[in-house]
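Structure first, commentary second.
2 protein chains.
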Amino acid sequence: MSEAVAVLAPAPPLANVAEARFAGPRALTLDSGQVLPELTVAYTTYGELNAARSNAVLVCHALSLDQHVASDNPVTGRPGWWDLMVGPGKVFDTRRFFIICANVVGGCMGTTGPKDINPATGQSYGLSFPVITIGDMVKAEAMLLDRLGIAELLCVVGGSMGGMQVLEWMATYPERVVSAMPIATAAKHSAQNIAFHEVGRQAIMADPDWCGGDYQRHGVVPSKGLAVARMAAHITYLSEAALQRKFGRTLQDRQHFSYAFDADFQVESYLRHQGRSFVERFDANSYLYITRAMDYFDLAADHGGVLAGAFGKLKSRVCVASFTSDWLFPTAESKKIVHALNAAAANVSFVEFATDTGHDAFLLDVPEMFATFGGFVSSAADHRGVKRVG
Amino acid sequence: MSEAVAVLAPAPPLANVAEARFAGPRALTLDSGQVLPELTVAYTTYGELNAARSNAVLVCHALSLDQHVASDNPVTGRPGWWDLMVGPGKVFDTRRFFIICANVVGGCMGTTGPKDINPATGQSYGLSFPVITIGDMVKAEAMLLDRLGIAELLCVVGGSMGGMQVLEWMATYPERVVSAMPIATAAKHSAQNIAFHEVGRQAIMADPDWCGGDYQRHGVVPSKGLAVARMAAHITYLSEAALQRKFGRTLQDRQHFSYAFDADFQVESYLRHQGRSFVERFDANSYLYITRAMDYFDLAADHGGVLAGAFGKLKSRVCVASFTSDWLFPTAESKKIVHALNAAAANVSFVEFATDTGHDAFLLDVPEMFATFGGFVSSAADHRGVKRVG
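Here the protein sequences line up with chains A and B, keeping their order. Residue 380 in this note's numbering sits at position 380 of the first sequence; the count goes up by one each step and never skips. Here this note's numbering = 1-based position in the second sequence + 1000.
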């Protein structure tokens, strides 16, 4: 493997935007048995690793997000997606902790994915990119930490697909995890969630500009299909109550129905905007691969069908969190994780936050969540002897 | 208006498949202010109208259904969609009642809709078909009943969009309704439901074979877009529990993941089949128009913003029904209808059936539902002096 760690560009306050490159005949051996001969992991860090290397926090991102957790995304110009949670004086205090977030394998924000060049052909991978799993994402993250000289994570945290990665970390690298926070997630993807993902994939594949996955070579983008996929998914990220409160049946820029197929309702206009803006920042094939990885996720199946079996060696402190109005990853799924952790005699706490905002609540301003998560990570850090600040 | 009622063909046991044609410069004046100069209403009847004309039951169909309630659909070959409910000795006993169901305006099973010829141009309407409402559907049904010489309905019944029509009947023609059963429905379409419909419409419109609505003239069908729309909608018709029970994470015809984008999971295969089979029986533009009609439905808004105002003149007996696992038209929506009926001092009963099957429960074998509905309609018939049978 190559030893190069290239710092690409300095970013706004505290952010270090970087890449790690791994090369060699079997740079990353995947769960499918296939290999990625070359792997780039694009990541961002905030704060400084302490001398004891004991203050590292790995943030795992969700399906449509990326490594730009708390600083502007240099590609999209959008602010960091967890600005509320990560920064000086925040839950993940960048003065105390060294925060790392890597774009997942199969992604499109710098880490190797289907839009990148297949070294065997000199062309974009497209559908020749191997199907990846949550386990593969975590293996790549572990390789990055090895490269950075970080043996142990003070905390690994993430919501939704990020939470699946947290669970995978707990199962695969228990000795490297001091504490873990799987948020708004599940130990396996449900039939309903697979169904919604399949609708999105079919929408993309139905777009003639998808070109069997080969759209880059044809100089087109399956933007309509990807927009429809995003619209369908976006509904699942919000609660019915949130949609009602934000939009209800309010009309968009008009007093009366158009009696046509314009976006009469604000909620239609909002969804169309969500679809359009997603196309500008996300790769359609990455969407196929990452949703597939989530669908394949079933931690119990990987451990003889018993979820507790995944946590047999776990010594970490774990805080499992869910949200009352999340119907995509409902509290019942979090409780299954808690029951398995209890069965494995793990050190686990569980909290369900009352919100009406739905699945995306973990990205929003929920003061009780900040207080709980802040207390949890701060206590883990104290216990580990990480120096306090401020 | 023409007086022609053409009986097209005798159909299997008890079914009379027919059309009523209405012509004239303003055959049907729509809520939008536009007019349909020619209107065909395709309908099916079961049983016989009694001499007192007091035993007529109008069944109103849902979005993707049609007038073939209890007999094979001659176009698709599928059995009647409410075979369990309508027939000799069933809840709607065809030996006692005269059952009528008409394909809705804007539909594609014989009643005038966007795939039909616009007499002004000699071409298919396509998007030149006027946007219709639930109120327009009910006006066309009332015209049909006038033509059949039926002044009064012993019962008007329907689930989902059919229930919206029932509510509209109660509000617009209260003097014609002896009893009414709005099932699994709402007095207005929610933001979440509008959002799901908008995804479906965008999926259709994203298909290049939609041709701006003009696909018939181009000899193509937007089958991929319509299939995606149906797949997304179909998820909303089932509960999470039903999907879990029916499919879970079971693989389709294989022992291991394909590590590809085939339909690995049964739920994917099932959804793809739902999409494909829908395309064979439904017109994409009809889907746009009918979903739009549902989105526009807001009975309170039509009555000064107070739902009870819609029911001020109502003397009918009403049975409102919902299902515990229906998240598309949840019980809370039915309760709003019940509260408004109570506020209007109407004669209303309410029942919530415990099922785990989701919105489509009203089409399924729910014995408690049959018993309740059977008792309700039988009691209404006894009270109205309709002769008993058997």
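C-beta: ideal position from N, C-alpha, C; glycine also. As the structure is a prediction and not an experimental result, all values here were calculated from the model.
(request) Return the residues of the region 1271 to 1294 of chain B that lie within a Cβ-Cβ distance of less than 8 angstroms from chain A, sorted by chain order. (result) L1271, R1272, G1275, L1288, R1292
(message) On a Cα-Cα basis, can you pick out the residue from D1146/B, W1169/B, D1356/B, G1159/B that is closest to C1137/B?
(response) Position 137 of the second sequence, counting from 1, holds the residue named residue 1137/B. For clarity, residue 1137/B is Met in the given sequence; the question names Cys instead. The shortest C-alpha separation from M1137/B is found at W1169/B.
(request) Answer yes if the region 204 to 217 of chain A comes into contact with the region 181 to 189 of chain A, meaning at least three C-beta pairs across the two stretches below 8 angstroms, and no otherwise. (result) no
(request) Output, in sequence order along the chain, the residues in the region 176 to 208 of chain A whose CB is closer than 8 angstroms to any CB in chain B. (result) K188, H189, S190, A191, Q192, I194, A195, F196, E198, V199, R201, Q202, A203, M205, A206, D207, P208
(request) Name the two residues that bound the continuous beta strand (DSSP E) containing S349/A. (result) Taking the first sequence and counting its residues from 1, one reaches residue 349/A at position 349. Run containing S349/A: 347 to 353, per the beta strand (DSSP E) assignment.
(message) Spatial neighbours of E280/A within its chain, please: C-beta separation below 8 angstroms, excluding the five flanking residues on both sides.
(response) Translated into the one-based positions of the first sequence, residue 280/A becomes position 280. So the list reads T76, once near-sequence residues are dropped.
(request) Consult DSSP for Y259/A and reduce its assignment to one of helix, strand or coil. (result) In the first sequence, counting from the first residue as 1, residue 259/A sits at position 259. Coil at Y259/A, not helix or strand.
(request) Can you have a look at N1039/B and say buried or exposed, based on whether 16 or more other CB atoms are within 10 angstroms of its CB? (result) In the second sequence, residue 1039/B corresponds to position 39, counting from 1. The sequence shown places Leu at residue 1039/B, not Asn. Under this definition L1039/B is a buried residue.
(request) Give the range of the beta strand (DSSP E) segment to which F376/A is assigned. (result) Reading the first sequence from its first residue, position 376 is the one you call residue 376/A. It is not in any beta strand (DSSP E) - F376/A instead sits in the alpha helix (DSSP H) that spans 367 to 384.
(request) Using a Cβ-Cβ cut-off of 7 angstroms, state whether E168/A counts as contacting chain B. (result) As a first step, residue 168/A must be located in the first sequence, where it is residue number 168. Chain B contact via Cβ: absent.
(message) For G163/A and F350/A, what's the separation of their Cα atoms in angstroms?
(response) Translated into the one-based positions of the first sequence, residue 163/A becomes position 163. Translated into the one-based positions of the first sequence, residue 350/A becomes position 350. C-alpha separation (whole angstroms): 14 angstroms.
(request) Please work out which residues of its chain come closer than 6 angstroms, Cβ to Cβ, to L271/A, disregarding the five sequence neighbours upstream and downstream, and give them in chain order. (result) Here residue 271/A refers to the residue found at position 271 of the first sequence. Closer than 6 angstroms at Cβ, skipping near neighbours: M231.
(request) Let me know the secondary structure DSSP gives F1278/B once reduced to three states. (result) Looking up residue 1278/B in the second sequence gives position 278. The answer is helix: DSSP assigns F1278/B an H, G or I state.
(message) By alpha-carbon positions, which one of I290/A, A343/A, N285/A, W327/A ends up nearest to V306/A?
(response) Locating residue 306/A in the first sequence gives position 306, counting from the first residue. Nearest of I290/A, A343/A, N285/A, W327/A to V306/A, Cα basis: A343/A.
(request) Could you tell me whether the Cβ of T1232/B comes closer than 7 angstroms to any Cβ of chain A? (result) Position 232 of the second sequence, counted from the first residue, corresponds to residue 1232/B. Residue identity check: residue 1232/B is Ala in the sequence provided, not Thr. Chain A contact via Cβ: present.
(message) So that I know if they touch, is there some Cβ in chain B lying closer than 7 angstroms to that of S334/A?
(response) For the purposes of this step, residue 334/A is taken as the residue at position 334 of the first sequence. So no, S334/A is outside the interface.
(request) Look up P37/A in the DSSP assignment and say whether it is helix, strand or coil. (result) Mapped onto the first sequence, residue 37/A falls at position 37. Reduced to three states, the DSSP call for P37/A is strand.
(message) E152/A and A102/A - do their beta-carbons sit closer together than 7 angstroms?
(response) Taking the first sequence and counting its residues from 1, the one referred to as residue 102/A is at position 102. Taking the first sequence and counting its residues from 1, the one referred to as residue 152/A is at position 152. In this structure, E152/A does not lie closer than 7 angstroms to A102/A by Cβ.
(message) Quick check on the DSSP output: the beta strand (DSSP E) that includes T29/A runs from which residue to which?
(response) Here residue 29/A refers to the residue found at position 29 when the first sequence is read from its first residue. Looking at the DSSP string, the run of the beta strand (DSSP E) that includes T29/A is 15 to 29.
(request) Output, in chain order, the set of chain A residues within a Cβ distance shorter than 9 angstroms of V1267/B. (result) The residue you call residue 1267/B lines up with position 267 of the second sequence. Those are A191, Q192, I194, A195, E198, listed as they occur along chain A.
(request) Give, in chain order, every unbroken run of the beta strand (DSSP E) that is at least 3 residues long and sits entirely within the region 1260 to 1338 of chain B. (result) 1317 to 1323
(request) Would you mind reading off the limits of the beta strand (DSSP E) that contains I132/A? (result) Here the question's residue 132/A lines up with position 132 in the first sequence. Neither: I132/A is in no beta strand (DSSP E) and is coded neither H nor E.
(message) Suppose the cutoff is 8 angstroms on Cβ atoms and the five residues either side in sequence are ignored; what does the same chain contact list for L1154/B look like?
(response) Here residue 1154/B refers to the residue found at position 154 when the second sequence is read from its first residue. The answer, listed in chain order, is S1054, N1055, A1056, V1057, F1097, V1178, S1179, V1377, A1380, A1381, R1384, V1386.
(request) Would you mind telling me which residues of chain B sit closer than 9 angstroms to E352/A, beta carbon to beta carbon, in chain order? (result) The residue given as residue 352/A occupies position 352 in the first sequence. Those within 9 angstroms of E352/A in chain B number zero; the least Cβ separation is about 18 angstroms.
(request) Please report how far the alpha carbon of S1414/B lies from the alpha carbon of A15/A, in whole angstroms. (result) Nothing about residue 1414/B can be reported from this structure: the residues present for chain B run from 1001 to 1390 only.
(request) Starting from F1097/B, follow the alpha helix (DSSP H) in both directions and report where the run begins and ends. (result) Against the second sequence, residue 1097/B aligns to sequence position 97. That residue, F1097/B, is in no alpha helix (DSSP H); it is neither H nor E in DSSP.
(request) For Y46/A, name the three-state secondary structure that DSSP assigns. (result) Here residue 46/A corresponds to residue number 46 of the first sequence, with the count starting at 1. Three-state result, Y46/A: strand.
(message) Can you pull out the residues from the region 248 to 259 of chain A whose beta carbon lies closer than 9 angstroms to at least one beta carbon of chain B?
(response) G248, R249, T250, F257, S258, Y259
(request) Assign G1304/B to buried or exposed, taking buried as 16 or more other Cβ atoms, counted over all protein chains shown, within 10 Å of its Cβ. (result) Taking the second sequence and counting its residues from 1, the one referred to as residue 1304/B is at position 304. By the 10 Å Cβ count, G1304/B comes out exposed.
(message) Between the alpha carbons of A11/A and Y287/A, how many angstroms are there, rounded?
(response) Numbered from 1 along the first sequence, position 11 holds the residue referred to as residue 11/A. Numbered from 1 along the first sequence, position 287 holds the residue referred to as residue 287/A. Only weak support is given to the placement of A11/A: the predicted model assigns it a pLDDT of 37, under 50, and the question is left unresolved by the model.
(message) Distance check for D1283/B and L1145/B, CA to CA, integer angstroms please.
(response) Taking the second sequence and counting its residues from 1, the one referred to as residue 1145/B is at position 145. Taking the second sequence and counting its residues from 1, the one referred to as residue 1283/B is at position 283. In a straight line, the C-alpha of L1145/B is about 26 angstroms away from that of D1283/B.
(message) Tell me which residues share the same chain as F1373/B and place their Cβ nearer than 6 angstroms to its Cβ, disregarding the 5 neighbours each side in the sequence.
(response) Counting from 1 along the second sequence, the entry for residue 1373/B is found at position 373. Excluding residues within five positions, the ones whose Cβ falls inside 6 angstroms are V1091.
(request) Note down, in chain order, all residues in the region 296 to 324 of chain A with a beta-carbon under 7 angstroms from any beta-carbon belonging to chain B. (result) Y296, D298
(message) Please tell me whether F373/A has its Cβ less than 7 angstroms away from any Cβ of chain B.
(response) If you number the first sequence from 1, residue 373/A lands on position 373. Output row for F373/A: interface = no.
(message) Under 8 angstroms, with one C-beta from each stretch per pair, do the region 1063 to 1080 of chain B and the region 1112 to 1123 of chain B reach the 3-pair mark?
(response) no
(message) Between I1134/B and chain A, is the shortest Cβ-Cβ distance under 7 angstroms, so that the two count as touching?
(response) Indexing the second sequence from 1 puts residue 1134/B at position 134. No, I1134/B lies away from the interface with chain A (no Cβ there is under 7 angstroms from its Cβ).
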